[in-house]
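Asks: Numbering-wise, our numbering comes out as the position in the sequence shown, counting from 1, plus 607. For glycine and all other residues, C-beta sits at the position ideal for the given N, C-alpha and C.
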Amino acid sequence: MSSDTENGLAGCPKSNDSQAYDAGTADSPSAQPQLAFETRAVHAGYNPYEHNGSVSIPIYQSAAFAMHDAVRGDGLSSGEIEGFSYSRCANPTVDALERRLADLEGGVSAVALASGMAAVSFALLCAAEGGGRLIAPKDLYGASVDAMESFFPQFGIHTDFVEDINDIAEVESKITPDTRAVFAESVANPSTNITDIKALADMLHRHGVALIVDNTVPTPYLFRPIEFGADVVVHSTTKGISGHGDALGGVVVDSGNFDWTNGRFPQFTQKELVVSDERKGIWKSFAEAYGNAAFAGRVRIKYLHNLGAVMSPTNAYLQLIGLETLPQRFRRETDTALEIARHLETVPHVTQVNYSGLDSSADKPLADRYFPHGIGPVLSFRLEGDESHINRVVNAVRVFSYVPNIGDTHSLIVNPARITHREVPGDYRRAAGVDDHLLRLSIGLEKPSDLIADLDRVIAGAY
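(1) By Cβ distance below 6 angstroms, which residues in the same chain neighbour residue 1026 in space, the five residues on each side in sequence not counted?
(2) Distance cutoff 9 angstroms, beta carbons only. Does residue 725 sit that close to anything in chain C?
(3) Around the Cβ of residue 1005, are there at least 16 other Cβ atoms within 10 angstroms (buried) or fewer (exposed)?
(4) How far does the alpha helix (DSSP H) with residue 868 in it reach, from first residue to last?
(5) Using a Cβ-Cβ cutoff of less than 7 angstroms, which residues in the same chain neighbour residue 763 once the five nearest sequence positions on both sides are dropped?
(6) Return yes when the Cβ of residue 709 is within less than 9 angstroms of the Cβ of residue 717, no when it is not.
(7) Starting from the C-beta of residue 667, find all residues in its chain whose C-beta is less than 7 angstroms away, skip the five residues before and the five after it, and write them out in chain order.
(8) Please say whether residue 704 and residue 719 have beta carbons closer to each other than 9 angstroms?
(9) Please classify residue 797 as buried or exposed, where buried requires at least 16 neighbouring CB atoms within 10 angstroms.
(10) Restricting to Cα atoms, I'd like to know which of 816, 778, 765 is closest to residue 788.
(11) Per the DSSP calculation, residue 857 is bridged to which residue(s)?
(12) Which runs of the beta strand (DSSP E) at least 3 residues long sit entirely within the segment 752-784? Give them in chain order.
(13) Relative to the alpha-carbon of residue 1060, which residue among 1000, 1014, 958 has its alpha-carbon at the smallest distance?
(14) In its own chain, which residues sit with a C-beta less than 7 angstroms from the C-beta of residue 1069, not counting the 5 before and 5 after it?
(15) So the beta strand (DSSP E) residue 1020 belongs to, where does it begin and stop?
(16) Can you give me the C-alpha to C-alpha distance between residue 748 and residue 968, rounded to a whole angstrom?
(17) With three or more beta-carbon pairs closer than 8 angstroms as the criterion, would you say the segment 863-872 touches the segment 889-906?
(18) How far does the beta strand (DSSP E) with residue 963 in it extend, from its first residue to its last?
(19) Please name the residue, chosen from 834, 742, 877, that lies closest to residue 863 on a Cα-to-Cα basis.
(20) Can you tell me which residues form a DSSP beta bridge with residue 740?
(21) Give me whichever residues DSSP pairs with residue 791 in a beta bridge.
(22) So is residue 914 buried or exposed if we call it buried at 16+ other beta carbons inside 10 Å?
(23) Quick one: Cα of residue 1041 to Cα of residue 904, how far?
(24) Measure the C-alpha to C-alpha separation of residue 730 and residue 819 and round it to an integer number of angstroms.
(25) Would you mind sorting residue 659 into buried or exposed? The rule is 16 or more other CB atoms within 10 Å of its CB.
(26) Determine the direct distance from the alpha carbon of residue 911 to that of residue 957, and round the result to whole angstroms.
(27) From residue 680 to residue 871, what distance separates their C-alpha atoms?
(28) Return the bridge partner residues of residue 841 from the DSSP annotation.
The following block contains the structure:
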């Protein structure tokens, strides 16, 4: 439970600051500072001595928690007492996942949600609510484009799209007094284009505009956007963080570094009953109540609590287990992805390979700068011919699975134009390099030679 819960909603921690939580006992691994990523992926955010010594986080499969008596119930409701009362906005198993992800991404607080799109939507709506504008590149994941291009405008939130997120002058030219945030993917799906996070953040911060980064493809093992200036990080934890294709989830991580009181974000400075104590005449804003964790606080109290995209404790448990092997899985999967990308460059009928870790990629300098351990397990490639050749490939694979997911231990293949980007308008699809000739791969833990043989067989057979 949080060490700092004043003015929270009933059972909703004010913050899940992992440093505050991880002090532990003298014998607890989390009590030792400067632990490596691999160690923190196993231990961060959880102290077994606070859970009857259970080494594995228990699944708190309970909708609600006993408040004991009226005095404690009132204290939980007002935020004067820390604890859990209702799992819609705080559950001990989910809380442990939130603390671990905040630690691994280098943030001050995190909010776990039911899916990656809940994380994307809540983060963008929280930043832009009240009629703010967003800026984003066209080459995003299909559902993200659909949300910003056709759905958010129904709520008065509009997006200015740019062709190239790394054209800093183009992005800057789109900033208006109503602009609240820029949204980008650290590694785009499926093009694997890399965002120059530091250059973008430096420019945006001069204007008081926030940078929100979807870090799903590389995960915090390969890249931590906050270290380069990102203000909020989102993930579909369904993907590499979970790693086994068995649990949906998402997370919003608050860096704690952005000034949400700079005048562009009135929702953080207006007094609100939900974080105040009316009976005592104490009125606060989210910025006053949550300090540098105001963004995560508002996502939890306004969006998670009111809109209800709740992560189940069982899914949180599965993702905690997945996190424990993230470094080992991603090392292997990323190495294999590069090997396969290099091989595909030599295969007849393959006209283009998209993988920014290749020497032939225009983004190789950015890959070298930001991704010294590789860009992740996702790549895409284009075949000559027509859509019938794509269909023959996906119909014939045996080691790859035809599945619309990424980051799994199983290797996956999909045709984005018909599946993951089907709802995206044509010019956005073209910007993302998606057409009827494109296939996307997500590389798992199988032996590389078996994956290569499967691809060679089905590509040759398609012609």
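Replies: Checking against the coordinates, here is how it stands:
(1) Taking the sequence shown and counting its residues from 1, one reaches residue 1026 at position 419. So the qualifying residues of the chain are 1011.
(2) In the structure shown, chain C cannot be found, because there is only a single protein chain.
(3) Sequence index remark: in the sequence shown, residue 1005 carries index 398 (1-based). The residue is exposed, with fewer than 16 neighbouring Cβ atoms inside 10 Å.
(4) Residue numbering aside, residue 868 sits at position 261 when the sequence shown is read from its first letter. Neither: residue 868 is in no alpha helix (DSSP H) and is coded neither H nor E.
(5) Your numbering for residue 763 matches position 156 in the sequence shown. For residue 763, where only same-chain residues beyond five positions count, the Cβ hits under 7 angstroms are 738.
(6) Counted from its first residue, the sequence shown places residue 717 at position 110. Counted from its first residue, the sequence shown places residue 709 at position 102. Going by C-beta atoms, residue 717 is nearer than 9 angstroms to residue 709.
(7) As a working note, residue 667 is residue 60 in the sequence shown. Excluding residues within five positions, the ones whose Cβ falls inside 7 angstroms are 698, 699, 700, 920.
(8) Translated into positions along the sequence shown, residue 719 becomes position 112. Translated into positions along the sequence shown, residue 704 becomes position 97. Yes, Cβ-Cβ distance for residue 719 and residue 704 is below 9 angstroms.
(9) Here residue 797 refers to the residue found at position 190 when the sequence shown is read from its first residue. Buried: at least 16 other Cβ atoms inside 10 Å.
(10) Here the question's residue 788 lines up with position 181 in the sequence shown. Of 816, 778, 765, the residue nearest in Cα terms is 816.
(11) Residue mapping note: residue 857 aligns to position 250 of the sequence shown, counting from 1. Note: residue 857 sits in a beta bridge opposite 720.
(12) Within the segment 752-784, the complete beta strand (DSSP E) segments at least 3 residues long are 765-769, listed from N- to C-terminus.
(13) Within the sequence shown, residue 1060 is the residue found at index 453, counting from 1. Ranking 1000, 1014, 958 by Cα distance to residue 1060 puts 1000 first.
(14) For the purposes of this step, residue 1069 is identified with residue 462 of the sequence shown, where counting begins at 1. Taken in chain order, the residues that qualify are 996, 999, 1000.
(15) Residue 1020 sits at position 413 when you count from the first residue of the sequence shown. First-last of the beta strand (DSSP E) with residue 1020: 1019-1021.
(16) Working through the sequence shown from its first residue, we reach residue 748 at position 141. Working through the sequence shown from its first residue, we reach residue 968 at position 361. Linking residue 748 to residue 968 through their CA atoms gives a straight-line distance of about 20 angstroms.
(17) yes
(18) Locating residue 963 in the sequence shown gives position 356, where the first residue counts as 1. No beta strand (DSSP E) holds residue 963; DSSP gives it neither H nor E.
(19) In the sequence shown, counting from the first residue as 1, residue 863 sits at position 256. If we check each option's Cα against that of residue 863, 834 comes out closest.
(20) Taking the first residue of the sequence shown as position 1, residue 740 is located at position 133. Beta-bridge pairing links residue 740 to 765, 786.
(21) Translated into positions along the sequence shown, residue 791 becomes position 184. DSSP lists 820 as partners of residue 791.
(22) Position 307 of the sequence shown, counting from 1, holds the residue named residue 914. That one is exposed.
(23) In the sequence shown, counting from the first residue as 1, residue 1041 sits at position 434. In the sequence shown, counting from the first residue as 1, residue 904 sits at position 297. Rounded to whole angstroms, residue 1041 to residue 904 spans 37 angstroms at the Cα level.
(24) Translated into positions along the sequence shown, residue 730 becomes position 123. Translated into positions along the sequence shown, residue 819 becomes position 212. If you take the alpha carbons of residue 730 and residue 819, they lie about 8 angstroms apart.
(25) Indexing the sequence shown from 1 puts residue 659 at position 52. Exposed is the call here.
(26) The residue labelled residue 957 in the question sits at position 350 within the sequence shown. The residue labelled residue 911 in the question sits at position 304 within the sequence shown. Counting only the Cα atoms, residue 911 lies some 45 angstroms from residue 957.
(27) Numbered from 1 along the sequence shown, position 73 holds the residue referred to as residue 680. Numbered from 1 along the sequence shown, position 264 holds the residue referred to as residue 871. Answer to the nearest angstrom: the Cα atoms are 36 angstroms apart.
(28) Taking the sequence shown and counting its residues from 1, the one referred to as residue 841 is at position 234. Under DSSP, residue 841 takes part in a beta bridge, and its partners are 821, 859.
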